[in-house]
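Chains as they are written, first to last, in the numbering used here: chain A, 40 to 342; chain B, 40 to 342. What follows is a single structure, written as structure tokens, with notes after it.
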DNA sequence: AAGTTCCATTAGTTTTTCTAATGCAGATGA
DNA sequence: TCATCTGCATTAGAAAAACTAATGGAACTT
């Protein structure tokens with residue numbers, strides 16, 4: 040296939056120059072200098088071996104050949120514009136797949152997603168709960184929620200909530216005969232653990248709580264299970280503020296203490312850097328960020 | 040007009056990569072490395088914010104969006120190809136205007152131009168005789184014949200004939216009673232001058248001819264008039280080999296001496312450098328050069 | 001398990017494109 | 001009619017884009 044195409048960037052200059060019949064105006068439009076346009080046109084003319092413009096005294100005219108070529112090129116640019124527009128429109132709607140840990144899905148995204156769907160009926164959201172791994176941003180997943188420090192290579196990450204850890208338990212437990220007045224009273228209670236006992240261990244150490252055996256109490260594989268156990272009065276969990284929030288607001292869980300340990304990790308909404316700012320992904324990111332902001336403002340007002 | 044066009048050169052890479060479904064093959068086609076294609080595609084995808092390819096294990100696939108875009112882009116490139124082809128075809132035929140001195144037109148081009156027209160019926164030749172000036176390669180003149188040293192700024196020049204000057208006169212004069220056996224006999228004859236008397240002056244000096252008064256004899260404004268005067272037996276002209284040739288061949292003029300002074304100047308076919316190698320101008324140049332070559336070969340054989 | 005095949009990435013080079021400063025020629029205008 | 005302006009061309013050098021060579025990784029093949 041003999042594809043001797045003209046230098047494409049020169050065509051851009053040619054189209055503008057022919058439209059304005061002025062190199063200077065074309066240059067303004069393209070945000071370059073008049074000299075740049077002059078160079079480009081010259082290189083196009085010399086590639087084609089055909090004069091496209093007649094440089095008259097003070098006006099610029101198209102040659103016959105130039106006129107004909109301009110009409111063609113104009114259409115071609117317009118087609119390209121259309122095609123690109125269609126592509127972008129297509130990228131702006133359709134399905135978006137979100138991968139995230141089940142607990143975050145249940146406690147945060149699912150209760151809110153209907154609002155997104157109402158605002159953006161074009162975008163069909165698919166929620167894919169995955170056991171946490173940080174490798175889920177694959178071909179069929181557009182965005183994911185990761186828990187971590189916010190630095191992933193080649194990925195764009197929006198921090199969602201500033202999280203803290205605080206003990207939570209059923210209100211029944213709080214009213215029971217075992218005291219829960221001060222931190223040291225934790226020694227009388229069962230601790231409920233999430234995946235490992237590290238979280239409680241850090242918390243206890245940080246607030247210098249005495250007499251607590253952190254190695255006791257059941258370990259659950261998922262945060263949701265811990266919350267469930269706590270709600271059922273089986274012990275005291277160390278609640279993530281974000282995940283526990285709905286249960287606390289519903290009154291099924293309470294925070295017996297005011298001590299809050301701000302975590303170094305947080306939930307992040309991540310996507311490929313290159314896709315962060317366009318189409319449906321940008322739309323989704325924007326919506327999520329707005330949600331989070333509104334909630335954190337509410338928190339401030341609550342306190 | 041919001042023209043956010045994608046980077047045009049990336050589109051070239053995209054089209055090839057999508058057609059081959061392989062960056063490596065696209066790179067081969069475009070005579071670049073695979074890395075270059077990879078970069079271009081990446082920049083296009085990041086401009087659009089949309090993944091165009093799925094990089095699978097060992098195969099490359101277009102995404103849905105990429106597929107749609109490819110079909111559009113393919114057509115666009117093909118339109119561009121067509122438009123450019125049409126333009127070049129148009130540049131290859133149509134009218135060609137030649138500006139040249141009247142004498143050269145009459146003695147050389149006009150007698151031969153019918154051959155060109157026969158070989159290239161698409162090209163309509165227009166001959167514009169102009170009094171010599173070297174400024175005639177303007178907008179409506181495609182090629183010109185200049186007399187000079189062959190160096191004109193920004194112009195392409197093909198040397199036509201190696202010229203020499205030698206006295207010429209009517210055969211009648213040669214047979215008359217005034218002798219014309221050796222150079223010094225020139226003193227007995229009228230010299231016919233072309234525009235100025237410099238030419239004869241140089242010739243006389245170069246061959247060390249004695250006793251000739253160069254300041255005598257009529258001066259004519261055009262070479263043609265000198266030839267005409269010589270043919271009518273009014274004196275001895277200093278003939279340009281190229282211009283006098285037809286008259287000599289026809290027997291209306293003869294060269295009484297063998298002394299020939301090769302000129303520093305010559306006739307050149309000139310055109311704009313940028314247009315020299317394409318379209319009808321290239322065709323015309325090629326034809327003229329062929330003519331000249333054939334004639335000079337004939338000359339060699341004649342001698 | 002070693003060898004392939006393809007694409008991605010990195011750093012550095014080459015090429016292209018652009019700019020700033022002038023030049024030039026033909027209007028325009030006092 | 002002389003100075004000024006407007007618009008394109010040209011030049012040399014700066015900036016940006018494109019490309020290369022080398023290397024790495026992942027998933028096939030043998």
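Don't be surprised by glycine CBs; every beta carbon is placed ideally from N, CA and C. These numbers come from a predicted model, not from an experiment.
- Residue contact with chain A for residue 129 of chain B: present (Cβ-Cβ distance below 7 Å to some residue of chain A).
- Looking at the DSSP output, residue 206 of chain A bridges to A/277.
- Using a Cβ-Cβ cut-off of 7 Å, residue 75 of chain B does not count as an interface residue toward chain A, since no Cβ of chain A sits closer than that to its own.
- DSSP places residue 97 of chain A in no beta strand (DSSP E); its state is neither H nor E.
- Remark: C-beta atoms of residue 93 of chain B and residue 83 of chain B do not approach each other more closely than 7 Å.
- Between the alpha carbons of residue 133 of chain A and residue 195 of chain A lies a distance of about 21 Å.
- For residue 201 of chain B, the closest of B/335, B/60, B/64, B/271 by C-alpha to C-alpha distance is B/335.
- The beta carbon of residue 150 of chain B is closer than 8 Å to those of 285 in its chain, skipping five residues each way along the sequence.
- Fully enclosed alpha helix (DSSP H) runs of no fewer than 4 residues occupy 237 to 245, 262 to 270 of the segment 220 to 288 of chain B, in order along the chain.
- The DSSP assignment places 162 to 168 as complete runs of the beta strand (DSSP E) inside the segment 152 to 184 of chain A, in order along the chain (cut-off: 3 residues).
- Rounded to whole angstroms, the Cβ separation of residue 88 of chain A and residue 318 of chain B is 6 Å, and the two are in contact under 8 Å.
- Neighbours of residue 51 of chain A in chain B, taken as residues at a C-beta separation under 8 Å, are given in chain order as 44, 47.
- One thing to note: residue 118 of chain A has its Cβ within 7 Å of the Cβ of residue 115 of chain B.
- Here residue 291 of chain A has 270 as same chain residues with Cβ atoms under 6 Å from its own Cβ, once five neighbours each way along the sequence are excluded.
- Between residue 268 of chain A and residue 274 of chain A the beta-carbon gap is near 7 Å, inside 8 Å, which marks them as a contact.
- Along the segment 108 to 120 of chain A, the positions whose C-beta sits under 8 Å from a C-beta of chain B are 108, 111, 112, 114, 115, 116, 118, 119, 120, read in chain order.
- Taken through DSSP and simplified to helix, strand or coil, residue 195 of chain B comes out as strand.
- Taking a 10 Å sphere around the C-beta of residue 157 of chain B, we find fewer than 16 other C-beta atoms and assign the residue as exposed.
- Apart from sequence neighbours up to five positions away, the residues of its chain that approach residue 253 of chain B with a beta-carbon distance below 8 Å are 230, 236, 239, 240, 243, ordered along the chain.
- When beta bridges are read from the DSSP output, residue 293 of chain B appears opposite B/208.
- Within the segment 296 to 332 of chain A, no run of alpha helix (DSSP H) reaches 4 residues while sitting entirely inside it.
- Contact check for residue 222 of chain B against residue 246 of chain B passes: the beta carbons are separated by less than 7 Å.
- Cβ-Cβ distances below 7 Å link residue 262 of chain B to 142, 233, 279, 282 in the same chain, with the five nearest sequence neighbours on each side left out; the list follows chain order.
- Listed along chain A, no residue sits closer than 8 Å to residue 193 of chain B by beta-carbon distance, the nearest being about 11 Å off.
- With its beta carbon at least 7 Å from every one in chain A, residue 80 of chain B lies outside the interface.
- Residues of chain B with a Cβ closer than 8 Å to the Cβ of residue 122 of chain A are, in chain order, 108, 111, 112, 115.
- Listed along chain B are 88, each with a C-beta nearer than 9 Å to that of residue 316 of chain A.
- For residue 112 of chain A, no beta strand (DSSP E) run applies; the uninterrupted alpha helix (DSSP H) run containing it begins and ends at 103 to 131, by DSSP.
- In the DSSP secondary-structure assignment, residue 71 of chain B is not bridged to any residue.
- Around the C-beta of residue 104 of chain B, 16 or more other C-beta atoms lie within 10 Å, and the residue is accordingly described as buried.
- Non-local C-beta neighbours of residue 326 of chain A in its own chain, meaning closer than 6 Å and more than five positions away in sequence, comprise 155, ordered along the chain.
- Taking a C-beta distance under 7 Å as the contact criterion, residue 197 of chain A and residue 308 of chain A qualify as a contact pair.
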